[in-house]
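*Asks:* Those letters in the sequence shown? Residues 172 to 314, by the numbering used here. Note that the Cβ used here is the ideal one computed from N, Cα and C, for glycine as well. Sharing a structure, written as structure tokens. Questions coming.
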Amino acid sequence: MTLSPKDRAEKSAAAMWDSDQASKWAGMSIETVDEGQATLALTVEPHHCNGHGICHGGVIFLLADSAFAFACNSRNQATVAQHNMISFVAPGRLGDQLRAEAREVSLTGRSGLYDVSVRNQEGQLIAEMRGCSRAIKGQLFSE
């Protein structure tokens with residue numbers, strides 16, 4: 172049986188999620204996945220806040236990086252980050268519902284380029300991340 176791109180993305184995400192202790196530990200949830208894209212969410216809790224009383228940049232990066240990971244692994248090809256860059260635009264605040272939307276910009280051979288926007292519940296831009304991926308050997312599930 173041949174899987175549709177969306178079904179393959181959802182099955183890949185389920186396989187990754189089973190082993191992804193970091194994203195679960197941080198309190199993330201997967202909202203949507205499809206081929207080359209993924210949206211993850213996180214509610215900013217007290218333990219996510221830094222000494223300034225705002226969401227720690229590392230937590231925002233973790234959310235963006237996780238969305239990037241689910242997007243670039245959506246074709247059931249094991250893929251890792253080669254390098255990422257993030258720009259923080261506004262602070263995430265305690266109680267904010269942050270959503271990271273990752274979308275594929277380019278996929279050529281084993282290399283991919285992804286943009287991730289992190290926004291709060293009001294749609295305010297919190298951060299932008301660009302991720303570069305590299306496909307490695309293996310799959311997330313047998314196909």
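Just checking my contact of glutamate 206 with alanine 235 at CB under 8 Å: how many whole Å lie between their CB atoms?
*Replies:* Here residue 206 refers to the residue found at position 35 of the sequence shown. Here residue 235 refers to the residue found at position 64 of the sequence shown. In fact, because the Cβ distance is near 19 Å, the residues do not count as touching under 8 Å.
*Asks:* If we count the other Cβ atoms within 10 Å of its Cβ and call it buried at 16 or more, is methionine 199 buried or exposed?
*Replies:* Stepping through the sequence shown from its first residue, residue 199 is reached at position 28. Classification of methionine 199: buried, given that the 10 Å Cβ count is 16 or more.
*Asks:* Ignoring anything shorter than 3 residues, give me the beta strand (DSSP E) runs that lie fully in the segment 228-311, in order along the chain.
*Replies:* Listed in chain order, the complete beta strand (DSSP E) runs (minimum 3 residues) inside the segment 228-311 are 250-259, 268-279, 282-290, 296-306.
*Asks:* Who are the near neighbours of alanine 244 in its chain, counting only those whose CB is closer than 7 Å to its CB and skipping five residues on each side?
*Replies:* As a first step, residue 244 is located in the sequence shown; it is residue number 73 there, counting from the start. The residue asked about is misnamed: residue 244 is asparagine in this sequence, not alanine. Cβ neighbours of asparagine 244 beyond the five flanking positions: Ser183, Met187, Thr250, Leu311.
*Asks:* Per the contact definition of three or more C-beta pairs closer than 8 Å, is the segment 276-283 in contact with the segment 213-226?
*Replies:* The segment 213-226 is not in contact with the segment 276-283.
*Asks:* If you drop the 5 nearest sequence neighbours on each side, which residues of the same chain put their C-beta closer than 8 Å to that of glutamate 299?
*Replies:* Counting from 1 along the sequence shown, the entry for residue 299 is found at position 128. So the qualifying residues of the chain are Ile257, Ser258, Val260, Asp286, Val287, Ser288, Val289.
*Asks:* CB-CB under 7 Å to proline 262, same chain, minus the five flanking residues each way: which ones, in chain order?
*Replies:* Along the sequence shown, read from residue 1 onward, the residue named residue 262 stands at position 91. The answer, listed in chain order, is Ile225, Cys226.
*Asks:* Counting along the chain, where does the alpha helix (DSSP H) carrying serine 175 start and finish?
*Replies:* Stepping through the sequence shown from its first residue, residue 175 is reached at position 4. No alpha helix (DSSP H) holds serine 175; DSSP gives it neither H nor E.
*Asks:* Report yes if the CB atom of valine 230 is closer than 8 Å to the CB atom of alanine 197, and no otherwise.
*Replies:* Here residue 230 refers to the residue found at position 59 when the sequence shown is read from its first residue. Here residue 197 refers to the residue found at position 26 when the sequence shown is read from its first residue. Against a cut-off of 8 Å, the Cβ pair of alanine 197 and valine 230 comes out as a contact.
*Asks:* Judging by CA-CA distance, which residue of Leu174, Cys303, Gly309, Glu314 is the nearest neighbour of phenylalanine 239?
*Replies:* Within the sequence shown, the letter at position 68 stands for residue 239. For the residues Leu174, Cys303, Gly309, Glu314, the minimum Cα distance to phenylalanine 239 belongs to Cys303.
*Asks:* Using 10 angstroms around the beta-carbon of aspartate 267, count the other beta-carbons present and answer buried if the total reaches 16, otherwise exposed.
*Replies:* Counting from one through the sequence shown, the residue named residue 267 turns up at place 96. It counts as buried.
*Asks:* Roughly how far, in whole angstroms, is the beta-carbon of isoleucine 201 from the beta-carbon of leucine 211, given that I think they are within contact range, below 8 Å?
*Replies:* Here the question's residue 201 lines up with position 30 in the sequence shown. Here the question's residue 211 lines up with position 40 in the sequence shown. Yes, they are in contact, since the Cβ atoms of isoleucine 201 and leucine 211 sit about 6 Å apart, within 8 Å.
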